[in-house]
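Engineer: If you read the sequences in order, they're chains C and F.
So the first sequence is numbered by this note's numbering: it starts at 3 and just counts up by one.
So the second sequence is numbered by this note's numbering: it starts at 13 and just counts up by one.
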Amino acid sequence: MATDLATPPKAAPKAKKPKRADKVPLGTAVLRYRWLYLMLLPGVAYFVIFKYLPMYGVTIAFQDYLPFLGYSGSPWVGLKHFEQLFSGPDFARLLANTLILAALHIMFVFTAPVIVALMLNELRVNILKRSIQSLIYIPHFLSWTIVAALTYVLFAADFGVIAAWMRDLLGDTNKVDYMAQEQWFREIVILQQLWKMTGWGTIIYLAALAGVDPNLYEAARMDGASRFRQLWHVTLPAIRPTVVVMAILASGNLLDSGFEQIWLMTTSLNREVAEVFDTYVYYAGVQNGNFSYSTAVGLFKGVAGVILIFGSNWLAKRMGQRGLF
Amino acid sequence: MTTMTETEPGKQAAVNHNNSVGSRVFDVLNVVALVGLALITVLPLIYVLAASFATEPEIASRPFFLWPEKIVTEAYEYIFATPTFIRSLLTTVIVTAVGMVVQVMLTFTMAYPLAKRYLPGRTLVLNLVIFTMVFSGGMIPTYLVVRDLGMLDSYWALILPLAINPFYLIIVKSFFQELPQALEEAARIDGCNEMGVFFKIVLPLSKPIIATFSLFYAVAIWNDYMSPLLYITDPDKWTLQILVRQLVATDPAAALSQMDRTWVPPEQGVKFAIIVIATLPILFFYPFLQKHFAKGVLIGGVKE
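Take a look at the structure:
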């Protein structure tokens, strides 16, 4: 088996002419399809202005960008900002915070929907199954601001529900401020993600489960397989490709801690453990005006993300899975 | 759980449920766990709703309740009497409505030509779109583009940078590809150009999917916190999500002093009430959203 890198299939069929035998000159095509091209124009303009212009804008990571000199006038400084990032005091902390959150995310938030989907799939009563699904999807549609606000009213020291329960339960009269303490930050962030994302995450696995051929279960039953053996030998193998694809997609976001959530949960008291690349970019760039430096941080994160997604796709193929590209 | 009987087979026959003791114990535990999960999901929301109508002493003394002892509306009265809140609510409603229309129009007009396999250059554009899903310029370069366009402190900054969601675009494109071609050809023979076909034939056929993505886009703008945080600095232009943040998480007294105070606010009650107000529209549209989203997500997950 060829073990070369993951890119070729997409690049190979060249974009120029999509399986049309009659090649028409460009001018003729533009004239013939003028309405279609006209309709395409606003959308293309959007992608050029708001997606590709910023991609060009990352060049300021290699400049000392000054707003009044602009992209072309600002002096080039090579890798200065990257050196500053990698040798600076923040990098190790940012990387650690980001990776710890990513690891916890994979351990709990990524796996929870698989487990919940399997549990839902085993429910006998359809009404119950559908009602539970409807309820656990709800948080997906709520904003992170709302989730953070809910966390606040549940965990706050002065009137929070959890603190009150702990006081009653443990007879502890000290007010524990979960929201302000470093030690609770990661637990709370992961709990939020579980609450917000688990239900929604089950959709795709439930669809994969619904597609399993009933004959496989029939055959397994004939062979005397118990429910748990059926789960192990029929259900799990059936959703493995879906899990792999989801894992590849997730790996590209490994360094994406989710700006909104983390930013909303960061306070001056927990900054040491809370600050991740995403929030640091905002902090250094927009708040402190170091545009070039924080663009370099963002670029590092973006490139690492691309490498991760292609890397895990390659890995998935090596392990005999279908992969994404 | 007495609701579970062996005679109730459920509608999907795919999974074999035999009736051994182990199997039944599993069923019971499974139901208990899943019902527990559903409760954990909704109970906080019900508590917030109940607390928003409760008196301050009750919020302070009862750790958790689903129904207030005495129903009061002073938190809502206070909020609705403050100009800051009214302004931010209006802002959010208008930005959401305008944004939704702009985003849906841009997405659908772009998706339609991309659905035409014979269109030269289509694959190139598609690949460029897909590439933006893997890599982006990042927050600061995007911020600089928005700034250079003079859109800081403008409501357009909350709409245009998010005008097309690439995932939605590809889902809509897939949907257009599955429309029967015969209809379009008939219209073309009757003298319609592509624009006419699109507006007279294709869009009317797409009403359900337009409704779906209108809601998706509306929810996204309504819930957006990052764009107003990045692009809006003028407190007069705050959106609801920023206000929620200001009222609940940061020092409420400071945020409230921005609200022209005429009487002493029910401090905790205001927090609960603002959460309810910011959540309510979503929950109102939720049944409509839920009807369509699963399918949308699946097409999005499977294709490309």
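By construction, the Cβ of each residue, glycine as well, lies at the ideal position given by its N, Cα and C atoms.
Here the structure is a predicted model, which is why all the values come from computation and not from measurement.
Measure the C-alpha to C-alpha separation of residue 32 (chain F) and residue 205 (chain C) and round it to an integer number of angstroms.
Structural biologist: Answer to the nearest angstrom: the Cα atoms are 30 Å apart.
Engineer: Applying the 10 Å Cβ sphere with the 16-neighbour rule, what's the burial state of residue 248 (chain F)?
Structural biologist: exposed
Engineer: Output the distance between the C-alpha atoms of residue 309 (chain C) and residue 146 (chain F), rounded to the nearest integer angstrom.
Structural biologist: If you draw a straight line from the Cα of residue 309 (chain C) to the Cα of residue 146 (chain F), it is about 10 Å long.
Engineer: Let me check understanding here. Comparing Cα to Cα, which of C:267, C:228, C:78 lies closest to residue 195 (chain C)?
Structural biologist: Considering only alpha carbons, the answer is C:267.
Engineer: Who pairs with residue 78 (chain C) in a beta bridge, going by DSSP?
Structural biologist: C:65
Engineer: Is there a Cβ of chain C sitting closer than 8 Å to that of residue 287 (chain F), yes or no?
Structural biologist: yes
Engineer: I need the straight-line Cα distance from residue 156 (chain F) to residue 79 (chain C), nearest angstrom please.
Structural biologist: 19 Å
Engineer: Quick one: which unbroken beta strand (DSSP E) runs of 3-plus residues sit fully inside the stretch 101-176 of chain F? Chain order, please.
Structural biologist: none
Engineer: Quick check: residue 84 (chain F) and residue 97 (chain F), are their CB atoms within less than 8 Å of each other?
Structural biologist: no
Engineer: Would you say the stretch 180-196 of chain F touches the stretch 79-97 of chain C, given that touching needs at least three Cβ pairs under 8 Å?
Structural biologist: no
Engineer: Taking residue 299 (chain C) as the reference, give the member of C:145, C:88, C:198 with the closest Cα.
Structural biologist: C:88
Engineer: Can you tell me which of F:131, F:159, F:300, F:150 puts its alpha carbon nearest to the alpha carbon of residue 33 (chain C)?
Structural biologist: F:131
Engineer: Return the CA-CA distance between residue 217 (chain C) and residue 211 (chain C), expressed in angstroms with no decimal places.
Structural biologist: 14 Å
Engineer: Does the beta carbon of residue 140 (chain C) sit closer than 8 Å to a beta carbon anywhere in chain F?
Structural biologist: It does: the Cβ of residue 140 (chain C) has a partner Cβ on chain F nearer than 8 Å.
Engineer: Does the beta-carbon of residue 50 (chain C) have 16 or more other beta-carbons within 10 angstroms, so that it is buried, or is it exposed?
Structural biologist: Exposed, because fewer than 16 other Cβ atoms sit within 10 Å of the Cβ of residue 50 (chain C).
Engineer: Using a Cβ cut-off of 7 Å, pull out every chain C residue sitting near residue 152 (chain F), in sequence order please.
Structural biologist: 283, 287, 293, 296, 297, 300
Engineer: Using only the alpha-carbon positions, how far apart do residue 54 (chain F) and residue 149 (chain F) sit?
Structural biologist: 38 Å
Engineer: Using a Cβ cut-off of 8 Å (strictly closer), state whether residue 113 (chain F) contacts chain C.
Structural biologist: no
Engineer: So, with DSSP's three-state summary, where would you put residue 183 (chain C)?
Structural biologist: coil
Engineer: Could you check the C-alpha separation between residue 142 (chain F) and residue 199 (chain F) for me, to the nearest Å?
Structural biologist: 32 Å
Engineer: Can you name, in chain order, every residue of its own chain whose Cβ lies under 6 Å from the Cβ of residue 71 (chain F), other than the five neighbours on each side?
Structural biologist: The residues are 63, 280.
Engineer: Which term fits residue 81 (chain F), buried or exposed, when burial requires 16 or more other beta carbons within 10 angstroms of its beta carbon?
Structural biologist: exposed
Engineer: Taking the beta carbon of residue 257 (chain C) as the centre, do at least 16 other beta carbons fall within 10 Å, making it buried, or is it exposed?
Structural biologist: buried
Engineer: At a CB-CB cut-off below 8 Å, which residues of chain F make contact with residue 41 (chain C)?
Structural biologist: 121, 122, 124, 125, 206, 207, 210
Engineer: Less than 7 Å between C-beta atoms, sequence neighbours within five positions excluded: which residues of the same chain meet that for residue 115 (chain C)?
Structural biologist: 200, 203, 204, 207
Engineer: From residue 50 (chain F) to residue 137 (chain C), what distance separates their C-alpha atoms?
Structural biologist: 6 Å
Engineer: With a threshold of 8 Å between beta carbons, is residue 154 (chain C) in contact with chain F?
Structural biologist: Judged by the 8 Å Cβ criterion, residue 154 (chain C) is in contact with chain F.
Engineer: When the Cα atoms are used, what is the spatial distance from residue 73 (chain C) to residue 240 (chain C)?
Structural biologist: 52 Å
Engineer: To the nearest whole angstrom, what separates the beta carbons of residue 295 (chain C) and residue 83 (chain C), a pair I think is in contact under 8 Å?
Structural biologist: 5 Å
Engineer: Is the Cβ-Cβ distance between residue 195 (chain F) and residue 222 (chain F) less than 8 Å?
Structural biologist: Taking 8 Å as the Cβ cut-off, residue 195 (chain F) and residue 222 (chain F) do not qualify as a contacting pair.
Engineer: Measure the CB-CB distance between residue 293 (chain C) and residue 62 (chain C) and report whether it falls below 8 Å.
Structural biologist: yes
Engineer: Buried or exposed: which applies to residue 45 (chain F), given that a residue is buried once 16 or more other Cβ atoms fall within 10 Å of its Cβ?
Structural biologist: exposed
Engineer: Which residues of the stretch 231-264 of chain F have a Cβ closer than 7 Å to any Cβ of chain C? Give them in chain order.
Structural biologist: Taking 7 Å as the Cβ-Cβ cut-off against chain C, the residues of the stretch 231-264 of chain F that qualify are 231, 235, 237, 238, 242, 253, 256, 257, 260, 261.
Engineer: Please report the residue range of the alpha helix (DSSP H) in which residue 92 (chain F) lies.
Structural biologist: Where residue 92 (chain F) is concerned, the enclosing alpha helix (DSSP H) stretches over 86-92.
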